[in-house]
Every structure is written in C-alpha cells, then in structure tokens.
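Undergrad: What follows is a single structure, and I will ask about it in a moment.
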Ligand code: IMO
Ligand code: MG
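Numbering (my numbering), first residue to last: 1 to 429.
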C-alpha cells in the first residue's frame, strides 16, 4: 500500500476470477473502495458474517462501516437494478446512504438500452457476443457517441431528457425491425422509482472527491469488474465488454492521474474460464473440463450460465500482466486442481503458419496451445494451514508461473467453496 496512491485490483482472464472475495479480504486495509467501469454485468460474490452476497454495481467495501464507497464516472448504472441491490443490502442491515457516493458523470442504463442489447445480439445471429443482456454495450455506445444520459441529469429537466433519449432509441429499434416491447411499461415504472430512490444518495464529482481523499493520505482501492480479456481494446474483440477493464480504466473511470497508481493486483484462477461466445485457446471439451466446472462451481453469478473451462493460459496471462502493469499476482481456486494426476499450463501458441510464439497475437481463435505438463499434487490443499504445508509439486507449479510471468504471486487461495469464508484460506507465500 502506498500513501498518496491508489491500488488497483483487477481480473486478468475473462472475468469471474474471484475479485469480490479478494476485495472482501483486502478492504479492512483501505478507507475507500471505488468502482471504475462496468455495471450490472458484473457479479462479485462475497461473504459477510456467514451470509453470501452478489454485488453488481455497488463496491465491495459496503459491508464495513467507516468506509467511503464510490461509483465512479466510468461505471454505467441501471437505477431499477441498483435499487433492488441496494434495498436488499439495507434489508440485511447494511446502511448504504452515507457510505455510498455516486458520480454525477456516471451514465444511466435505460430500459431501451437493454432492448437494444437484445436487438443487436439478435441481429448478429450465430456471431452474437453472448452478452449479459444488461444494456452495457448500447449505454457505452451512447456515451462515446455523445448521446448519453448521466446521473447528473437527474437533477435537472430529467423527464424531458429521458423522453428524448427514449424516442431516439425507439427509432433505432424500428430501423432494426425490433417489435418485442413486452414488459417495457412496467420496467420503465420501476426504473423511474429507481431514479427517485437514487436521489436519496449523495451525487458527487468523484474525481474531485477521490483526489481530495488521496491528498488526505486515505488508502484507496479501485475494484475492477470483468477481466482483461474482456477489455474493449485489448480483449478478444469483438467478444468483449464495452469498457476498459484494464488498469488504465481506473484512471479514466475515476479521474486519477497515472502517476497516482500504486500497486496493481492481478487476479487469476489456477485454471481458466469464460462465459459467452468468443475464442478460448485452452478450452477443454472433455471430462477434465467438466470436472473443473463441477469442482469449481463454475456457473455464472449473474446469468446462471455454465462457464466454459480450460487450463491456465500463460501466454494470455503474460499479456495481461503487461497491459496492466501488474505488480503482484493473486491466484484463486488452486484446490480445484487437487485431484488431478497431471496439470497442464499453456506456455506458447502455435500459429497457423507453424511458428511458435509467447506473444499474444492479433487473432487467438486459430492458435494451438502448447502445453507443459506438471505432476499433480494429489493432496487436499484446503486443509493446509500454513505455507510450508503446501505440497512440493504445487510449489514447483507456483515457482514456474512466477518465473514465466516475471511477477510474484503474493496471495494464494485454496478454498473454492462459495459458502466457506475465504478469510482463513487466503494466505501469502
Ligand atoms: P465479473 O465482474 C464474466 C462477458 C459476457 C459476454 C461479454 C459481453 O463478474 O467478472 P456485456 O453484457 O458486458 O456486454 O457482455 O462479457 N461478461 C462477463 N464475463 N464475468 C463478468 O463480470 C462479465 N461481464 C461481462 O458474458 O461474453
Ligand atoms: Mg461474475
């Protein structure tokens, strides 16, 4: 932790690396937790006092009193879903109104953005992205094309602005030949209730606030959503989300200078998963993939979809470490591999012309992974109480990863069950 700097925590794969659990463990050290991109497409699972929660738009620092939680300008917010999430938290005894500040510059996801999301996906047919259907792409599209509706707009002539935006969306949907508007009226009603509810929160100029907190030497953690391979610039485009999920996104999504970034924590699983469509070089279609899915409970927190599973891809991770400037790695769910005879890690790609590379190329849908085999440790690591209890084979595996990625693995989690507190199982080696 560096005083006067923010630390950034982000996913290095295709999302679902376990960011929520790690933020949960790290928050006691921080005064402020801030979200900088994404929206309700995220599903950060964490546990507080034995109870499991899935957070979508609200920062994971919300469970602890005395922390400031910020939803930054880079986030897209759906008022109806936000209200549902926030009210659930309030009901379970977590007061939010003083703890949560929302940037006036954050963009609003309108009900028609969600319809547009569906319409664009339908138009793509078999090439669909497999989005979460939360309107993420259309909302960021409106932002970039300078047509967006922002939280700050709620404070002035809102109904009028809303109607104009909706009208524009309806014309776009008509051009796409979209006719399914079932439930729109009810959704709009709930959405407007969400707007009224949001007014009870503090709307801030979060760039001013966060820089003031930095000057006051407060410790700030920026909580990323999704993962590096879903980044709109560096991910497996077009099968990506519509925001910058990488470390630079924390600068643009909160208004922080790059020289104010301290530690960059990169989270990865000991294997790899992805939801939705798109290339995934190390994907396993066999029993091993199924075993990983079962043992790792790899089903989506937002959509309940089965996650695609595969071996760890070090070419991809090396690329993620590079574009994020990762200073420390965190490896999750290592215990999922406990029972395997052999564990594989992709160490290079064979390109269509037969050459090999360790640099992630422009296209990854036609590469062949080249694997290195590791002896399985065949030990129940969830029982390990200290680092010297880690089996030798596992240490070898970790040492290889650190060497290959030229970055220290500072925290290793050996507990994958959703319902077990991660606090005891995250340990430094
Ligand atoms: P967390 O924060 C995993 C994926 C979707 C789809 C693509 C685009 O929980 O790690 P979108 O709705 O964003 O336009 O969908 O991105 N995706 C995620 N996959 N974890 C997430 O978030 C994701 N958020 C979006 O499945 O392939
Ligand atoms: Mg998720």
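Where a beta carbon is used, it is the ideal one built from N, C-alpha and C, also for glycine.
#1: Of all the beta strand (DSSP E) runs that stay within the bounds of the segment 284 to 341, which reach a length of 3 or more residues?
#2: Could you tell me the distance, in whole angstroms, from the CA atom of residue 332 to the CA atom of residue 162?
#3: Who does residue 9 pair with in a DSSP beta bridge?
#4: Please tell me whether, using a cut-off of 7 Å, the distance from the CB of residue 231 to the nearest non-hydrogen atom of the ligand MG is below it.
#5: Considering residue 251, what are the terminal residues of the alpha helix (DSSP H) in which it resides?
#6: Does any heavy atom of the ligand IMO sit closer than 7 Å to the C-beta of residue 43?
#7: Could you name the residues that DSSP lists as bridge partners for residue 32?
#8: Among the residues of its own chain, which have a CB less than 6 Å from the CB of residue 41, if the five just before and after it don't count?
#9: Pairs of beta-carbons, one from the segment 249 to 263 and one from the segment 76 to 85, closer than 8 Å: are there three or more?
#10: Determine the direct distance from the alpha carbon of residue 255 to that of residue 214, and round the result to whole angstroms.
#11: Is any heavy atom of the ligand MG found at a distance shorter than 7 Å from the C-beta of residue 301?
#12: Put residue 155 into one of helix, strand or coil per three-state DSSP.
#13: What does a CB cutoff of less than 8 Å around residue 334 pick up in its chain, not counting 5 residues either side in sequence?
#14: Beta carbon of residue 349, beta carbon of residue 370: below 8 Å?
#15: Is residue 19 near the ligand IMO, with its Cβ less than 7 Å from a heavy atom?
#16: Considering just the uninterrupted stretch of the beta strand (DSSP E) at residue 47, what are its terminal residues?
#17: Which runs of the beta strand (DSSP E), 3 residues or longer, sit entirely within the segment 56 to 106?
#18: What are the start and end residues of the beta strand (DSSP E) that includes residue 371?
#19: With a threshold of 16 other CB atoms inside 10 Å of the CB of residue 424, please say whether the residue is buried or exposed.
#20: So the candidates are 27, 358, 129, 320; which of them puts its Cα closest to the Cα of residue 46?
#21: When DSSP labels each residue in this structure, what does residue 270 get in the three-state scheme?
#22: For the ligand MG, is there any heavy atom lying closer than 7 Å to the beta carbon of residue 15?
#23: How far does the beta strand (DSSP E) with residue 410 in it extend, from its first residue to its last?
#24: With a cut-off of 8 Å, do at least 3 Cβ pairs link the segment 17 to 36 to the segment 47 to 60?
#25: Let me confirm a value: residue 160 is counted as buried when at least 16 other C-beta atoms fall within 10 Å, else exposed. Which label applies?
#26: Residues in the same chain with beta-carbon distance under 7 Å from residue 111, minus the five sequence neighbours each way, listed in chain order, please.
#27: I'd like to confirm the pairing. Which residues does DSSP put opposite residue 363 in its beta bridges?
#28: Residue 421 to residue 308, Cα distance in whole Å?
#29: Less than 8 Å between the C-beta atoms of residue 55 and residue 85, yes or no?
#30: I'd like to check one pair, residue 323 with residue 239: are the Cβ atoms closer than 8 Å?
#31: Are the beta-carbon atoms belonging to residue 73 and residue 100 less than 8 Å from one another?
#32: If I follow the unbroken beta strand (DSSP E) through residue 202, where does it start and stop?
#33: Consult DSSP for residue 131 and reduce its assignment to one of helix, strand or coil.
#34: Taking the alpha carbon of residue 148 as the reference point, which residue from 140, 396, 303 has its own alpha carbon closest?
#35: Compute the Euclidean distance between the alpha carbons of residue 11 and residue 288, then round it to the nearest angstrom.
#36: May I ask you to check if the CB of residue 136 is nearer than 7 Å to at least one heavy atom of the ligand IMO?
TA: Straight from the coordinates:
#1: 308 to 310, 328 to 332
#2: Residue numbering aside, residue 332 sits at position 332 when the chain shown is read from its first letter. Residue numbering aside, residue 162 sits at position 162 when the chain shown is read from its first letter. The straight-line gap from Cα to Cα measures roughly 43 Å.
#3: Position 9 of the chain shown holds residue 9. Answer by DSSP bridge pairing, in chain order: 223, 265.
#4: Position 231 of the chain shown, counted from the start, is the residue given in the question as residue 231. No, the ligand MG has no heavy atom inside 7 Å of this Cβ.
#5: Here residue 251 corresponds to residue number 251 of the chain shown, with the count starting at 1. From DSSP, the alpha helix (DSSP H) with residue 251 extends over 248 to 254.
#6: As a working note, residue 43 is residue 43 in the chain shown. Of the heavy atoms belonging to the ligand IMO, at least one sits nearer than 7 Å to the Cβ of residue 43.
#7: The count along the chain shown starts at 1 and reaches residue 32 at position 32. Its beta-bridge partners are 68, 220.
#8: The residue you call residue 41 lines up with position 41 of the chain shown. Only 132, 134, 136 meet the Cβ criterion.
#9: no
#10: Position 214 of the chain shown, counted from the first residue, corresponds to residue 214. Position 255 of the chain shown, counted from the first residue, corresponds to residue 255. When rounded, the distance between both Cα atoms is 12 Å.
#11: The residue you call residue 301 lines up with position 301 of the chain shown. Yes, the beta carbon of residue 301 sits closer than 7 Å to at least one heavy atom of the ligand MG.
#12: Counted from its first residue, the chain shown places residue 155 at position 155. Three-state result, residue 155: helix.
#13: In the chain shown, the residue the question calls residue 334 occupies position 334. 270, 381, 394, 412, 413, 414.
#14: Mapped onto the chain shown, residue 349 falls at position 349. Mapped onto the chain shown, residue 370 falls at position 370. The answer is yes: Cβ separation under 8 Å.
#15: As a working mapping, residue 19 is identified with position 19 in the chain shown. Indeed, a heavy atom of the ligand IMO lies less than 7 Å from the Cβ.
#16: As a working mapping, residue 47 is identified with position 47 in the chain shown. It spans 44 to 48 - the beta strand (DSSP E) in which residue 47 sits, taken as one unbroken run.
#17: 68 to 71, 100 to 103
#18: As a first step, residue 371 is located in the chain shown; it is residue number 371 there, counting from the start. Unbroken beta strand (DSSP E) run through residue 371: 368 to 375.
#19: Position 424 of the chain shown holds residue 424. Note that residue 424 scores a pLDDT of 41, beneath 50, so its modelled location is shaky; the value from the coordinates is reported in the next line. With a threshold of 16 other beta carbon atoms within 10 Å, residue 424 falls short and is exposed.
#20: The residue labelled residue 46 in the question sits at position 46 within the chain shown. With distances taken between Cα atoms, residue 46 lies closest to 27.
#21: Your numbering for residue 270 matches position 270 in the chain shown. Coil at residue 270, not helix or strand.
#22: Against the chain shown, residue 15 aligns to sequence position 15. Indeed, a heavy atom of the ligand MG lies less than 7 Å from the Cβ.
#23: Here residue 410 refers to the residue found at position 410 when the chain shown is read from its first residue. Element bounds for residue 410: 409 to 413.
#24: yes
#25: Counting from 1 along the chain shown, the entry for residue 160 is found at position 160. Looking at its Cβ environment, which holds fewer than 16 other Cβ atoms inside 10 Å, residue 160 is exposed.
#26: On the chain shown, position 111 is the one that residue 111 refers to. If we look at residue 111 and ignore the five residues flanking it on each side, its Cβ neighbours are 184, 187, 188, 191.
#27: Here the question's residue 363 lines up with position 363 in the chain shown. Beta-bridge pairing links residue 363 to no other residue.
#28: The residue labelled residue 421 in the question sits at position 421 within the chain shown. The residue labelled residue 308 in the question sits at position 308 within the chain shown. Interpretation of residue 421 is limited by its pLDDT of 40, a score under 50 that renders its predicted location unreliable; the figure taken from the coordinates is listed afterwards. The alpha-carbon of residue 421 is positioned some 25 Å away from that of residue 308.
#29: Residue 55 sits at position 55 when you count from the first residue of the chain shown. Residue 85 sits at position 85 when you count from the first residue of the chain shown. Contact: yes.
#30: For the purposes of this step, residue 239 is identified with residue 239 of the chain shown, where counting begins at 1. For the purposes of this step, residue 323 is identified with residue 323 of the chain shown, where counting begins at 1. In this structure, residue 323 does not lie closer than 8 Å to residue 239 by Cβ.
#31: If you number the chain shown from 1, residue 73 lands on position 73. If you number the chain shown from 1, residue 100 lands on position 100. It is not a contact, given that the beta carbons lie outside the stated cut-off.
#32: One-based indexing of the chain shown puts residue 202 at position 202. Run containing residue 202: 202 to 204, per the beta strand (DSSP E) assignment.
#33: Counting from one through the chain shown, the residue named residue 131 turns up at place 131. It is coil, neither helix nor strand.
#34: The sequence position of residue 148 within the chain shown is 148, counting from 1. If we check each option's Cα against that of residue 148, 140 comes out closest.
#35: By 1-based counting over the chain shown, the position of residue 11 is 11. By 1-based counting over the chain shown, the position of residue 288 is 288. About 24 Å.
#36: Against the chain shown, residue 136 aligns to sequence position 136. Checking every heavy atom of the ligand IMO against the Cβ of residue 136, one is found closer than 7 Å.
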